[in-house]
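So our numbering is basically just the index in the first sequence, starting at one, shifted up by 7. Yeah, the Cβ is synthetic: ideal placement off N, Cα and C, and Gly gets one too. If you're wondering where the values come from, they're calculated on a predicted model, not measured in any experiment.
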Amino acid sequence: MDETNELIEQRSKKLEELRAKNHNPFTQKIDISTCASEVIEQYGKYTKEELSKIETKISIAGRVVSYRNFGKASFAHLQDASGEKIQVYFTKELLKDKFPLLKLIDVGDIIGIQGRLFRTKTDELTVEVTDFKILSKALRPLPEKWHGLKDVETRYRQRYVDLIVNPEVRKTFSVRSKIIKAIRDFLEVRGFIEVETPMMHPIPGGAAAKPFKTHHNALNIDLYLRIAPELYLKRLLVGGYDKIFEINKNFRNEGISTRHNPEFTMLEFYTAYKDYEYLMTFTEEMLSYTAARATGAVKVPYGDTEIDFNPPWSRLSFTEALNNRGVPSEIIYDNQKALKWVRNRGIRIEPGMSHGKILDEIFSELVEPTLIKPTFIYDYPVELSPLAKRKEDNQDLVERFELFIAGREIANAFSELNDPIDQKNRFLKQLQARQEGDEEAHWMDHDFVRALEYAMPPAAGEGIGIDRLVMILTNSHSIRDVILFPQLKPEQ
RNA sequence: GCGCCACUAGCUCAAUGGUAGAGCAGCGGACUCUUAAUCCGUUGGCUGAAGGUUCAAAUCCUUCGUGGCGCACCA
């Protein structure tokens with residue numbers, strides 16, 4: 008990382024030369040009047056002749072991303088935060104004594120310029136520079152202009168370089184920002200309040216996952232980075248809020264893959280006096296709105312296919328979905344037959360798995376990859392969902408759905424269990440599973456049960472994996488492409 | 001955690017056991033409308049690391065490191 012090479016040395020020399028000539032290579036402040044995209048928008052409509060007749064004086068700052076020298080004149084492109092580039096034209100005639108200073112500018116430097124707009128012979132909108140200033144000297148060279156930066160490791164480790172040279176990366180993160188904003192707007196317009204609940208939990212709850220452990224010195228207690236905000240958000244329902252949401256990080260101490268980063272962003276929202284069926288329609292509306300707002304279209308390309316967010320979406324019960332993939336009904340209700348069936352097909356199961364878990368394995372193997380267009384799968388076995396409310400007409404099932412898009416789980420929602428006695432019993436059952444070796448079983452949370460004992464209104468709640476949603480809406484095939492700084496092993 | 005693949009100049013890539021190369025960038029020079037500018041000249045390397053085989057290793061073998069993809073775990 009501390010390596011020096013010839014290129015860095017040459018640039019360092021130029022930096023010293025600037026200092027020697029009384030030009031601070033790291034200037035603090037400059038007044039700028041506009042940005043590249045604004046210039047294009049404001050002046051792009053004028054012809055060469057029109058431009059020469061109107062007042063077009065501007066000042067702008069940006070990174071030099073290309074440079075072409077002609078002896079007594081030079082062209083460069085400046086790229087700024089708007090993501091656009093604007094060509095600038097330096098001439099000895101206008102810059103006089105300052106012109107030789109251009110020798111000390113490299114591609115990568117950030118400069119500020121003043122000038123007037125004109126169009127070149129090839130009709131490109133260009134700034135004729137009347138004055139310029141080096142604002143920040145780059146000591147390291149940028150990757151090559153034509154092939155850019157391709158090495159994925161460097162792209163992730165040095166995302167700043169990736170962002171400078173790969174415009175589509177900037178675009179992805181701009182869409183990510185729009186997605187989150189669209190969701191916030193959608194929820195806020197409907198009366199939801201955004202809240203923040205703890206990241207550090209004494210009892211990691213709300214999901215089946217392995218947590219990260221940390222320690223608070225002054226309190227002398229172990230704490231866990233949260234695996235889900237669910238139990239805190241439901242405490243807020245008890246407290247009297249009826250529409251709340253949180254968009255924030257969750258942390259799970261598990262493997263890393265194209266679909267998993269140890270920290271990831273989750274939306275959870277809760278609405279009182281509604282059930283999971285209400286949330287299906289709500290989700291259709293929210294995500295089709297989000298797709299349209301963030302990408303400009305309700306149908307988005309993903310890989311070789313196209314995902315159509317236009318409602319209504321398919322709805323299949325968990326058992327229907329299994330039936331459709333050739334899983335006989337007898338297996339769905341008979342543990343022994345299920346075990347046998349699974350073994351014959353080589354689906355991996357572990358000893359002691361509950362019937363529900365076995366069905367879930369079958370589902371992941373046979374059904375999940377086939378759910379390409381947005382599809383709700385509803386009514387899950389109760390043992391898979393210790394925080395969801397049972398169906399009134401079938402105590403073995405819960406009022407829960409998951410949303411699948413492009414073969415991936417995007418959302419998980421249910422009518423929230425608000426019966427403290429049932430909740431306590433389900434925690435006890437999880438505790439038993441934990442003692443039998445299920446490391447991901449839920450922990451007992453006595454305070455949460457106590458909260459339910461004060462009565463929580465009936466409510467429906469949902470979690471949406473934001474990173475995965477962003478993947479689909481930006482046609483990204485690795486979660487690392489939608490997280491600015493994905494988790495990697497440290498260098499060296 | 002397991003398997004497969006990759007790692008060569010600042011960047012993008014060649015070189016398949018026989019003298020480590022190209023393009024771009026850089027440096028020196030020419031050039032006042034270029035935009036992958038052009039033209040002339042030129043610098044740049046412990047081939048991811050360490051061992052081994054061989055007269056000879058970027059190339060074959062072993063171990064390690066980092067990354068990618070797949071599997072496992074999971075959202």
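Where residue i sits in the DSSP three-state scheme
{"i": "residue 263", "result": "coil"}
{"i": "residue 308", "result": "strand"}
{"i": "residue 388", "result": "strand"}
{"i": "residue 288", "result": "helix"}
{"i": "residue 17", "result": "helix"}
{"i": "residue 206", "result": "coil"}
{"i": "residue 156", "result": "coil"}
{"i": "residue 295", "result": "helix"}
{"i": "residue 129", "result": "coil"}
{"i": "residue 395", "result": "strand"}
{"i": "residue 199", "result": "coil"}
{"i": "residue 270", "result": "strand"}
{"i": "residue 492", "result": "coil"}
{"i": "residue 33", "result": "coil"}
{"i": "residue 77", "result": "coil"}
{"i": "residue 53", "result": "coil"}
{"i": "residue 112", "result": "coil"}
{"i": "residue 211", "result": "coil"}
{"i": "residue 27", "result": "helix"}
Close-in-space but distant-in-sequence residues of the same chain around residue i (CB under 8 Å, 5 per side omitted)
{"i": "residue 500", "result": "Only positions 8 to 499 of the chain appear in this structure, which leaves residue 500 out of reach."}
{"i": "residue 463", "result": "241, 244, 245, 423, 425"}
{"i": "residue 230", "result": "207, 208, 209, 220, 221, 222, 223"}
{"i": "residue 474", "result": "268, 271, 272, 486, 489, 490"}
{"i": "residue 251", "result": "199, 200, 201, 202, 240, 243, 244, 276, 277"}
{"i": "residue 346", "result": "356, 365"}
{"i": "residue 368", "result": "349, 354, 355, 356, 360"}
{"i": "residue 380", "result": "314, 315, 320, 321, 412"}
{"i": "residue 164", "result": "495, 498"}
Outcome for residue i when other beta-carbon atoms lying within 10 angstroms are tallied against a minimum of 16
{"i": "residue 129", "result": "exposed"}
{"i": "residue 162", "result": "buried"}
{"i": "residue 189", "result": "buried"}
{"i": "residue 38", "result": "exposed"}
{"i": "residue 52", "result": "exposed"}
{"i": "residue 26", "result": "exposed"}
{"i": "residue 237", "result": "buried"}
{"i": "residue 115", "result": "buried"}
{"i": "residue 213", "result": "buried"}
{"i": "residue 40", "result": "exposed"}
{"i": "residue 483", "result": "buried"}
{"i": "residue 452", "result": "buried"}
{"i": "residue 257", "result": "buried"}
{"i": "residue 430", "result": "buried"}
{"i": "residue 211", "result": "buried"}
{"i": "residue 205", "result": "exposed"}
{"i": "residue 152", "result": "exposed"}
{"i": "residue 440", "result": "buried"}
{"i": "residue 49", "result": "exposed"}
{"i": "residue 7", "result": "An answer regarding residue 7 cannot be provided, because it is not within the stretch 8 to 499 covered by the chain."}
Residue i - partner residues in DSSP beta bridges
{"i": "residue 122", "result": "65, 136"}
{"i": "residue 117", "result": "70, 143"}
{"i": "residue 221", "result": "230"}
{"i": "residue 253", "result": "275"}
{"i": "residue 95", "result": "83, 134"}
{"i": "residue 162", "result": "Bridge partners of residue 162: none, in fact."}
{"i": "residue 193", "result": "For residue 193, which the question treats as bridged, DSSP gives no partner whatsoever."}
{"i": "residue 258", "result": "270"}
Same chain only: Cβ atoms within 6 Å of residue i, ignoring 5 sequence neighbours per side
{"i": "residue 86", "result": "69, 70, 72, 92"}
{"i": "residue 419", "result": "409, 470"}
{"i": "residue 177", "result": "90, 170"}
{"i": "residue 306", "result": "313, 315"}
{"i": "residue 136", "result": "95, 97, 120, 122"}
Cβ neighbours of residue i in the same chain (closer than 7 Å, five flanking residues each side left out)
{"i": "residue 405", "result": "387, 389, 392, 395, 396, 397, 398, 421"}
{"i": "residue 6", "result": "The displayed coordinates of the chain run from 8 to 499. Any statement about residue 6 would go beyond what the structure contains."}
{"i": "residue 515", "result": "Residue 515 lies beyond the range of the chain shown here (8 to 499); nothing can be said about it."}
Subject >> Those runs of the beta strand (DSSP E) which lie wholly inside the segment 399–473 and span at least 3 residues >> reply: 401–412, 415–422, 466–472
**OP:** Please list the segments of the alpha helix (DSSP H) lying wholly inside the segment 312–391, counting only runs of 4 or more residues, in order along the chain.
**Re:** 325–331, 336–340, 342–351, 362–369
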